[in-house]
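Here the protein sequences line up with chains A and B, keeping their order. Residue numbers for the first sequence follow my numbering, so the first one is 5 and each next one is one higher. Residue numbers for the second sequence follow my numbering, so the first one is 5 and each next one is one higher. Even glycine gets a Cβ: it sits at the ideal position worked out from N, Cα and C. Structure first, commentary second.
There are 2 protein chains.
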Amino acid sequence: MPDSAYGDIRKLDLFAQMADENFTGLMRGAYVQNFPSQIELITEGDPSDFLHVLVSGAVDLFSTWNGRETSMATIRPISTFILAATVKDAPYLMSARTLEKSRVALIPSQDVRAAFDLDGNFARAIVTELAQCYRSVIKSQKDLKLRTSLERLANYLLRQQRHAGGGSVFELEFEKRRLASVLGMTPENLSRAFKGLQPYGVTVAGTRITIEDHNELKRFAKPNRLIDDHQS
Amino acid sequence: MPDSAYGDIRKLDLFAQMADENFTGLMRGAYVQNFPSQIELITEGDPSDFLHVLVSGAVDLFSTWNGRETSMATIRPISTFILAATVKDAPYLMSARTLEKSRVALIPSQDVRAAFDLDGNFARAIVTELAQCYRSVIKSQKDLKLRTSLERLANYLLRQQRHAGGGSVFELEFEKRRLASVLGMTPENLSRAFKGLQPYGVTVAGTRITIEDHNELKRFAKPNRLIDDHQS
DNA sequence: CGCAGCCTTGACAAATGTCAACAAACGTGG
DNA sequence: CCACGTTTGTTGACATTTGTCAAGGCTGCG
């Protein structure tokens, strides 16, 4: 594995506190691979042979059933995905595909489980990471069950605005058809939802969003820290 | 803490492999309490001072936003809840209320985190439990995003039928208004959904469900192990 | 008995999805 | 740099799904 990726991975919360020898041992069986855009890295139902670490690029986690498909999450560097499947030695529940040219480190799942037994700090980090993932999905579940699509979009825009620095003009982080899928609606519905937010001062030009009056949108969206805050 | 509850808790996957002294230490600060039905045990947003273990009875985990409420899960003995909040020392994301007279063991969260550091087997068990919880929510998320309410009900009935032993007649495990909330719909919609399944051989009398032709319903529901199987 | 809560039903409204058409944006190869 | 085709986004018309409100029935319990 190249030194650059090695150092980046080492800095991840998941690995930062590991003993040197355990981390080195874990990396011995690992390798880094480059993928072009739109490559399916893993397929739901397959056995979880590797823990994946996204070093650069972007990855979409999605699921299908009965001919339908929905986007569950987007992974950005540097972070791991499908940790739960690795830990449980169970089949992937989601598929993953690259959204752009990406570098991915692959760590054999059995090595991860072995390192977990050897290294208390690593075990602790895994627990924290899993708890974090769990809480994220719960928030997303609340978003889906308690809000209409218009409310979900409004809150998404507020989150994205904050994430982009808080300015009144910012860019969407991915294409609208996928945003629609993430928010649990069709692209057509998303188009109309953007129009539905015009009365609250939201204007759209391509991927560029302008929020004229933050507080006006907030009054409509009613963001909640137990759904919309990424920490806590 | 009474010996009976002590032994039951000890048998939980989460605690079964712990060293005796660590388990005893953990239980020293714990206590068991009896609650009548319809008591709110925890409120979302509160700090997670205790890990809860349901010893007997039943508990509903639910969330609210903007005057709306939705049921996220039902806890049956013997199992823990809000483990993730305890681990992360973060506020509860869900509220919990008893559905019937219940016995709950309360273990101080800081003791749990301390025991985690001391006992590798306990740490492993927590990871497994969290991974399990995570995967359950993901399955539920897929159910919500990929299926219509009629399909969700059909698959729920198949799961419940299997859970009840597989016979063609079985009982719903909770009242319909809460089932509706779990499935992400209104009680009125659930009523109509039951009628919508009549063509597939489903009949309802109170909480008693009859599935005349299992395969007929299955053809409609298209159950999938990556959504509907509780293991894997 | 009478009340309260749950369930069901009907009529209606709102939200969301589908299909088709077209416009806009993008990438590729000339 | 342009021409072309492909993909994505938008819009309208419409269908379906889901929610809302109101009324009435059923059940369980004091």
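>> Using beta carbons (cut-off 8 Å, strictly below), is B:I111 in contact with chain A?
In response: Not one chain A Cβ lies under 8 Å of B:I111.
> In chain order, what residues of the same chain lie with their CB nearer than 6 Å to the CB of B:T211, ignoring the 5 residues before and after it?
Replying inline: Take B:T211, set aside five residues on each side of it, and the residues of its chain with a beta-carbon closer than 6 Å to its own are E175, L176, in chain order.
> Of all the residues that make up the stretch 45-70 of chain A, which are near chain B by a beta-carbon distance shorter than 8 Å?
Replying inline: The stretch 45-70 of chain A vs chain B, Cβ under 8 Å: E48, G49, S67, T68, W69, N70.
>> Closer than 8 Å is the cut-off here; do at least three beta carbon pairs connect the stretch 42-50 of chain A with the stretch 95-105 of chain A?
In response: Touching, yes, given that three or more Cβ pairs across the two stretches are closer than 8 Å.
> Between A:Q136 and chain B, is there a C-beta pair that is closer than 8 Å?
Replying inline: It does; some Cβ of chain B falls within 8 Å.
> Sorted by chain position, which residues of the same chain lie with C-beta nearer than 8 Å to B:G49's C-beta, five sequence neighbours on each side aside?
Replying inline: Setting aside the 5 residues that flank it on each side, B:G49 is surrounded in the same chain by P95, Y96, each with a C-beta closer than 8 Å to its C-beta; the list follows chain order.
> So with Cβ pairs under 8 Å, would you call A:V36 a contact of chain B?
Replying inline: Cβ-Cβ to chain B under 8 Å: no for A:V36.
> So, does the CB of A:V173 fall closer than 8 Å to a CB anywhere in chain B?
Replying inline: Answer no: the Cβ-Cβ gap between A:V173 and chain B never drops below 8 Å.
> Which chain B residues are close to A:A127, counting only those with a beta carbon under 8 Å from its beta carbon?
Replying inline: Within chain B, G124, A127, R128, V131 have C-beta atoms less than 8 Å from the C-beta of A:A127, given in sequence order.
> For a contact meaning CB atoms closer than 8 Å, what does A:A197 contact in chain B?
Replying inline: Correct list: empty, because the minimum Cβ distance to chain B is about 16 Å.
>> Please state whether the Cβ-Cβ distance between B:K222 and B:L157 is less than 8 Å.
In response: Not in contact: B:K222 and B:L157 (Cβ atoms no closer than 8 Å).
> Which residues share a DSSP beta bridge with A:E73?
Replying inline: DSSP lists A:T68 as partners of A:E73.
> Is the CB-CB distance between B:D17 and B:E133 below 8 Å?
Replying inline: Yes, Cβ-Cβ distance for B:D17 and B:E133 is below 8 Å.
> Can a CB atom of chain A be found closer than 8 Å to the CB of B:V1?
Replying inline: Residue coverage of chain B in this structure runs from 5 to 236, which leaves residue 1 of chain B outside it and unanswerable.
> chain A beta carbons: is any one of them nearer than 8 Å to that of B:R151?
Replying inline: Chain A contact via Cβ: present.
> Under the DSSP definition of a beta bridge, which residues are partnered with A:I100?
Replying inline: As written in the sequence, residue 100 of chain A is Ala, which differs from the Ile given in the question. Looking at the DSSP assignment, A:A100 forms a beta bridge with A:I46, A:L65.
> Under three-state DSSP, which class holds B:S60?
Replying inline: In the structure shown, the three-state DSSP call for B:S60 is strand.
> Is A:T84 helix, strand or coil when you go by DSSP?
Replying inline: Reduced to three states, the DSSP call for A:T84 is strand.
> Ordered along the chain, which non-local residues of its own chain (more than five positions away) have a Cβ less than 8 Å from that of B:N125?
Replying inline: A distance below 8 Å between beta-carbons, with the five flanking residues on each side excluded, links B:N125 to the following residues of its chain, in chain order: Q21, M22, A23.
>> Taking only three categories from DSSP, how would you classify B:S106?
In response: Judged by DSSP in its simplified three-state form, B:S106 adopts strand.
>> Considering only their Cβ atoms, is the gap separating A:R80 from A:V36 smaller than 8 Å?
In response: Between A:V36 and A:R80, the C-beta spacing is not below 8 Å.
> If we ignore side chains and look at the alpha-carbon of each, how far apart do B:T214 and B:V208 end up?
Replying inline: If you draw a straight line from the Cα of B:T214 to the Cα of B:V208, it is about 6 Å long.
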